[in-house]
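Chemist:
Number of protein chains: 2
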Amino acid sequence: MADEEGRSARKRRVIMEAATTVFLRHGYVGTSMDEIAALAGVSKQTVYKHFADKERLFTDIILGTIDQVAEPFHDQVLGLEETEDLEKHLTALARRLVAIVMQPQVLQLRRLVTGEAGRFPELGRTYYERGPGRTVDTLAAHFQRLAERGLLRVEDPALAASHFNWLVVSIPLNKVVLTGDDDAFTAADLERYADAGVRVFLAAYGRS
Amino acid sequence: MADEEGRSARKRRVIMEAATTVFLRHGYVGTSMDEIAALAGVSKQTVYKHFADKERLFTDIILGTIDQVAEPFHDQVLGLEETEDLEKHLTALARRLVAIVMQPQVLQLRRLVTGEAGRFPELGRTYYERGPGRTVDTLAAHFQRLAERGLLRVEDPALAASHFNWLVVSIPLNKVVLTGDDDAFTAADLERYADAGVRVFLAAYGRS
Numbered sequence: 179m180a181d182e183e184g185r186s187a188r189k190r191r192v193i194m195e196a197a198t199t200v201f202l203r204h205g206y207v208g209t210s211m212d213e214i215a216a217l218a219g220v221s222k223q224t225v226y227k228h229f230a231d232k233e234r235l236f237t238d239i240i241l242g243t244i245d246q247v248a249e250p251f252h253d254q255v256l257g258l259e260e261t262e263d264l265e266k267h268l269t270a271l272a273r274r275l276v277a278i279v280m281q282p283q284v285l286q287l288r289r290l291v292t293g294e295a296g297r298f299p300e301l302g303r304t305y306y307e308r309g310p311g312r313t314v315d316t317l318a319a320h321f322q323r324l325a326e327r328g329l330l331r332v333e334d335p336a337l338a339a340s341h342f343n344w345l346v347v348s349i350p351l352n353k354v355v356l357t358g359d360d361d362a363f364t365a366a367d368l369e370r371y372a373d374a375g376v377r378v379f380l381a382a383y384g385r386s
Numbered sequence: 179m180a181d182e183e184g185r186s187a188r189k190r191r192v193i194m195e196a197a198t199t200v201f202l203r204h205g206y207v208g209t210s211m212d213e214i215a216a217l218a219g220v221s222k223q224t225v226y227k228h229f230a231d232k233e234r235l236f237t238d239i240i241l242g243t244i245d246q247v248a249e250p251f252h253d254q255v256l257g258l259e260e261t262e263d264l265e266k267h268l269t270a271l272a273r274r275l276v277a278i279v280m281q282p283q284v285l286q287l288r289r290l291v292t293g294e295a296g297r298f299p300e301l302g303r304t305y306y307e308r309g310p311g312r313t314v315d316t317l318a319a320h321f322q323r324l325a326e327r328g329l330l331r332v333e334d335p336a337l338a339a340s341h342f343n344w345l346v347v348s349i350p351l352n353k354v355v356l357t358g359d360d361d362a363f364t365a366a367d368l369e370r371y372a373d374a375g376v377r378v379f380l381a382a383y384g385r386s
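Listed in order, the protein sequences are those of chains C and F. To get the working numbering, take the position in the first sequence, counting from 1, and add 178. To get the working numbering, take the position in the second sequence, counting from 1, and add 178.
Laid out in structure tokens, this is it:
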């Protein structure tokens, strides 16, 4: 029975990996469940046993990828409100955030979702909520507590969290999603953008 | 002769309008020159007389749209370095900028280019250079002169200009390109984001 469950989970993972490859290669509209089944080496019925339809499969891939890559960020944000060195903690968090967002697989999914947003807004909403939306919500809650401790001057925690997020990631992210040049920035470049974003953020929201 | 030129310019415009419609409906890959010719009511030879190939036609549409919508921004930025009220001038500029970037046609082209960036990076580079790239270059030159006048504290004008640009547009732009919901923000919402972006920018880069 446990063996049966293990085999089913493995098959699910193989299907998701094959589907990611096919989606990124042909786009959402150009992808068929037949092709995914063929690449995964399973029958089409098996694909449908795990995923009700193409949209569900695609949504599960987005959620799986985002949740997996975002885990280290959400780990690192824990304890932010008890920090004894806010700038240091925020800088580490900012560096982690930009490194996550700039991973090729994340960028590729982002492009794919963006390209289909006009036709399939539900996919985009899911990506937004689980990606930047969740990041901003998490940061806002921590910034609120930092403000209560007198370490930040924040009237609107959600706005401050959005400013933090986009100050850190916007410059490289918005360039690379358009140009397709995923290697345009080195890890050191990304750290410099993260550090500069934190400096601007603290100038506006830090204790004066 | 003048009449002949006028007719040619009109035909060119009709082809570009038809092409924009077809590209936005079917994506770059899904669009054929045949379909564009049919919608424009001209022969395929006429399309090829004006545009060497599909990529050239698409590039011309991007350049035409961006240059046209960006004109009011570049008009407004003139004289920024002689301003007597920097916050007021920057706020007006920020409001103009976010209004331009959030126009549905600009958003739709941005999604289209983003979705194709993996396969056609040249299109994305063109969009980037003529859009955000040009905005940042223009701002950087003005910020440099404002720093020389002692009105801004700026070590790296390009970085400061990028921070200004993304502080102003990132929150609504990055949400809407993903969710496809072009009407998510009212004009008043956009102005509030512009104003808040300017406040953060001046906290970091304004005269202390």
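We put the beta carbon where it would ideally sit given N, CA and C, even for glycine.
Leaving out five residues on either side along the sequence, give the residues of the same chain with a beta carbon under 6 Å from the beta carbon of A216/F.
Modeler: Excluding five sequence positions before and after A216/F, none of the CB atoms of its chain fall closer than 6 Å to its own CB.
Chemist: Are the segment 357-371 of chain F and the segment 183-190 of chain F touching by the rule of at least three beta carbon pairs closer than 8 Å?
Modeler: Contact fails between the segment 357-371 of chain F and the segment 183-190 of chain F, because fewer than three Cβ pairs, one in each stretch, are under 8 Å apart.
Chemist: Closer than 8 Å by C-beta to P250/C: which residues in its own chain qualify, once you throw out the five before and the five after it? Chain order, please.
Modeler: R274, I278
Chemist: Would you report the Cα separation of L258/F and T316/F, rounded to the nearest angstrom?
Modeler: 11 Å
Chemist: So, does the CB of V378/C fall closer than 8 Å to a CB anywhere in chain F?
Modeler: yes
Chemist: Between the alpha carbons of E233/F and P299/C, how many angstroms are there, rounded?
Modeler: 27 Å
Chemist: Which residues, taken in chain order from the segment 333-363 of chain C, show a beta carbon closer than 7 Å to some beta carbon of chain F?
Modeler: Hits within the stretch, in order: L337, S340, H341, W344, L345, S348, I349, N352, K353, V355, L356, T357, G358, D359.
Chemist: Go through its chain and collect everything with a Cβ distance to E294/C's Cβ below 8 Å, but skip five positions before and after it.
Modeler: G205, Y206, V207, L301, G302
Chemist: Assess, as a yes-or-no matter, whether the segment 333-346 of chain C is touched by the segment 222-242 of chain F under the definition of 3 or more beta carbon pairs within less than 8 Å.
Modeler: No, because fewer than three Cβ pairs between the segment 222-242 of chain F and the segment 333-346 of chain C fall closer than 8 Å, the two stretches do not touch.
Chemist: Taking A374/C as the query, report the chain F residues whose CB atoms sit under 7 Å from its CB, ordered along the chain.
Modeler: L337
Chemist: Between the C-alpha atoms of M194/C and F201/C, what's the straight-line distance to the nearest angstrom?
Modeler: 10 Å
Chemist: Following the continuous alpha helix (DSSP H) through M141/F, name the residue where it begins and the one where it ends.
Modeler: For chain F, the structure presents residues 179 to 386; residue 141/F sits outside this window and is missing.
Chemist: Which whole-angstrom value is the C-beta distance of S348/F and W344/C, which I expect to be below 8 Å?
Modeler: 4 Å
Chemist: Taking the alpha-carbon positions, what's the K266/F to R370/F distance?
Modeler: 14 Å
Chemist: E233/F versus chain C: which residues are under 7 Å apart at the beta carbon?
Modeler: Correct list: empty, because the minimum Cβ distance to chain C is about 14 Å.
Chemist: Hey, out of T261/C, A248/C, D231/C, L380/C, whose CA is closest to M280/C's CA?
Modeler: A248/C
Chemist: Going by DSSP, what residues sit across from G384/C in a beta bridge?
Modeler: L330/C
Chemist: What would DSSP say about M194/C, mapped onto helix, strand or coil?
Modeler: The answer is helix: DSSP assigns M194/C an H, G or I state.
Chemist: Go to F251/F, then tell me how far its alpha helix (DSSP H) extends in each direction, as first and last residue.
Modeler: Unbroken alpha helix (DSSP H) run through F251/F: 232-255.
Chemist: Alpha carbons only, please: which of R297/F, F342/F, A382/F, V378/F is nearest the one belonging to L356/C?
Modeler: R297/F
Chemist: Quick one: residues in its chain with C-beta nearer than 6 Å to the C-beta of V346/C, no 5 flanking neighbours on either side, listed in chain order?
Modeler: A272, L275, V276, A372, G375
Chemist: Check whether the Cβ of E294/F lies closer than 8 Å to any Cβ atom in chain C.
Modeler: It does: the Cβ of E294/F has a partner Cβ on chain C nearer than 8 Å.
Chemist: Once DSSP output is grouped into helix, strand and coil, what is the label at A374/F?
Modeler: Three-state DSSP puts A374/F in a helix.
Chemist: Among R289/C, T198/C, F236/C, K353/C, which residue has its Cα nearest to the Cα of R312/F?
Modeler: K353/C
Chemist: Quick one: using the 10 Å Cβ neighbour count with 16 as the cut-off for buried, is A365/C buried or exposed?
Modeler: A365/C comes out exposed.
Chemist: Closest to L368/C by CA distance: which of T269/C, H320/C, Y305/C, M211/C is it?
Modeler: Of the candidates T269/C, H320/C, Y305/C, M211/C, the residue whose Cα lies closest to the Cα of L368/C is T269/C.
Chemist: Give me the chain C residues within the contact set of L290/F, using Cβ-Cβ distance strictly less than 8 Å, ordered along the chain.
Modeler: G293
Chemist: Can V192/C and A218/C be called in contact, C-beta distance under 8 Å?
Modeler: Yes, the pair counts as a contact, with Cβ atoms nearer than the cut-off.
Chemist: So what does DSSP say about G309/C, is it helix, strand or coil?
Modeler: helix
Chemist: Do I214/C and A230/C have their C-beta atoms closer together than 8 Å?
Modeler: no
Chemist: So, for P282/F: in the same chain, excluding its five sequence neighbours on each side, which residues have a beta-carbon less than 8 Å away from its beta-carbon?
Modeler: D360
Chemist: Just curious, the alpha helix (DSSP H) that A295/C is in, first and last residue?
Modeler: Looking at the DSSP string, A295/C is not in any alpha helix (DSSP H), and its letter there is neither H nor E.
Chemist: Would you verify that the beta carbon of G328/C is, or is not, closer than 8 Å to some beta carbon of chain F?
Modeler: no
Chemist: Using only the alpha-carbon positions, how far apart do E262/F and L380/C sit?
Modeler: 27 Å
Chemist: Report yes or no: is there a C-beta of chain C within less than 8 Å of the C-beta of G302/F?
Modeler: yes
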